[in-house]
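To convert, count from 1 in the sequence shown and add 61; that's my numbering. Glycine residues also receive a C-beta, built at the ideal position from the N, C-alpha and C atoms. Working notes for the structure below.
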Amino acid sequence: MTAEPYKPSPKRDVVRRHILGLIENTRPGTGLASERELAQQLGVSRPTVRAALDDLTRDGFLVRQRGRGTFTSPNKVTQELAGNGMAVPPAEGEWTSRVVSFAVSPALPPVAARLELSPGDPALRVTRVRLVDDEPIAIEHLELPADLVPGLQAADMETGNFYHLLRDRFGIRVAEAVQSIEPSFTNPEQAELLDVPVYSPLLQIERTTRDTTGRVVEVTHSVYRGDRYRITSTLRLDESSG
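Structure follows, in structure tokens:
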């Protein structure tokens with residue numbers, strides 16, 4: 062399924078241009094007038110205003126919060142992509158997590174293959190929503206060999222740095238990770254957890270992490286809001302660089 066293409070509408074374009082002008086002249090995170098007020102100001106219908114707001118939200122210019130209203134997008138959380146980037150992405154504000162599911166079950170063949178276990182070995186599967194200052198930013202699906210983390214509880218996954226927890230409580234030191242990054246967009250379930258419209262832009266990140274012995278300690282599939290998260294990298298070039 063693909064997102065509906067943007068269909069030009071003169072009245073909707075009037076609303077878009079008006080709001081884009083507001084965005085250029087206001088600080089990130091500024092609240093907008095209500096749909097009713099915007100409709101009255103611009104002489105258009107509320108459905109036209111709502112459609113324009115949905116377009117701009119999908120494009121990352123606006124953030125809509127249930128029960129609070131519509132805001133210009135705040136500054137993005139930025140992660141520097143580096144060789145030692147094993148920690149929580151740096152950001153202003155407090156990172157916390159809300160655990161959605163937490164269960165140990167026998168590893169089916171696909172899970173066992175990812176974790177380099179035998180089928181039927183116990184595997185811990187966790188889904189959690191990552192938040193910055195109580196705003197949902199990402200959804201993480203984690204898979205771990207259950208025997209690595211005996212006694213781990215869901216509450217342990219709600220605060221702090223998970224890699225620090227592995228080191229300090231279980232003596233596991235992460236050494237390397239291979240990850241891939243690609244664009245995506247929200248399905249209905251993801252949109253509900255992240256409190257954004259369906260088909261909002263995402264960054265999809267898959268990572269396999271190993272400890273100092275080479276054992277797989279974690280496989281994660283994460284999606285980060287494209288309107289609130291970005292990844293940067295520093296490149297060192299020489300004469301052979303193309």
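Bounding residues of the alpha helix (DSSP H) (the contiguous stretch that carries residue i)
i          : result
residue 84 : 71-85
Residue i - DSSP class collapsed to helix/strand/coil
i           : result
residue 249 : helix
residue 235 : strand
residue 168 : coil
residue 205 : strand
residue 108 : helix
residue 119 : helix
residue 214 : coil
residue 177 : coil
residue 219 : coil
residue 230 : helix
residue 298 : coil
residue 102 : helix
Counterpart residues of residue i in DSSP-defined beta bridges
i           : result
residue 132 : 92, 124
residue 157 : 192
residue 240 : 268
residue 163 : 187
residue 200 : 190, 284
Beta strand (DSSP E) segment containing residue i, residue limits
i           : result
residue 185 : 183-193
Contact between the segment 172-184 and the segment 273-282 is defined here as three or more beta-carbon pairs at a separation below 8 Å; is this criterion met? Enough Cβ pairs lie closer than 8 Å, so yes.
Given 8 Å, three or more beta-carbon pairs between the segment 166-174 and the segment 246-257: No, the segment 166-174 is not in contact with the segment 246-257.
Give the list of continuous alpha helix (DSSP H) stretches no shorter than 4 residues that lie fully inside the segment 247-294. With a minimum length of 4 residues, the continuous alpha helix (DSSP H) runs that stay inside the segment 247-294 are 249-255.
At a cut of 8 Å, does the segment 111-119 reach the segment 157-170 through at least three beta carbon pairs? With a cut-off of 8 Å on Cβ pairs, the segment 111-119 is not in contact with the segment 157-170, counting fewer than three such pairs.
Three or more C-beta pairs closer than 8 Å, one from the segment 210-224 and one from the segment 75-82: is that the case here? Result no; under three Cβ-Cβ pairs closer than 8 Å.
Could you check whether the segment 237-244 touches the segment 198-214, counting it as contact only if at least three pairs of C-beta atoms, one from each stretch, sit closer than 8 Å? Cβ pair count under 8 Å is below three, so no.
Check whether the segment 79-98 touches the segment 116-130, taking contact to mean three or more Cβ pairs, one atom from each stretch, closer than 8 Å. Contact annotation: the segment 79-98 touches the segment 116-130, with at least three C-beta pairs closer than 8 Å.
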